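Notes follow the structure.
In my numbering, the protein residues as written are 106 to 195.
What follows is the structure, given as structure tokens:
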């Protein structure tokens, strides 16, 4: 939120207004969703390759995959929450 305030303050003397700065911040916060999507795809690909090469290791691979997917998805959720807060609060 402080970064948005600094951006809005810097934008006062330029052609970009505080509303435009808010939407720019929302767009930048939304980039976390793209990163999470790419990360989920890479994790899923790695897990499927590992299971295809060694199906007997399923009991070791799947719990670690689910944990990694949860952590990766959390980053996307943080980006989504930040974008929503910027839209409705800032």
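By construction, the Cβ of each residue, glycine as well, lies at the ideal position given by its N, Cα and C atoms. These figures come from a predicted structure and were not determined experimentally.
Take residue 141 as the anchor and find which of 169, 183, 107 has the nearest alpha-carbon.
-> When each option's Cα is compared against that of residue 141, the closest is 183.
The segment 146-158 in contact with the segment 130-137 per 3-pair CB rule at 8 Å = Taking a contact to require three or more Cβ pairs closer than 8 Å, the segment 146-158 and the segment 130-137 do not qualify as touching.
Drop a sphere of 10 angstroms on the beta-carbon of residue 126, count the other beta-carbons inside from all chains shown, and report buried for 16 or more, exposed for fewer.
-> Counting Cβ neighbours within 10 Å, residue 126 comes out buried, since at least 16 surround it.
Go ahead and label residue 188 buried or exposed: buried means 16 or more other beta carbons lie within 10 angstroms of its beta carbon, across all protein chains shown.
-> Residue 188 is buried by the Cβ-count criterion.
Using alpha carbons as the reference points, say which of 146, 111, 195, 193 lies closest to residue 175.
-> Nearest option by C-alpha distance: 146.
Does DSSP put residue 162 in a helix, a strand or coil?
-> DSSP places residue 162 in helix when its eight states are reduced to three.
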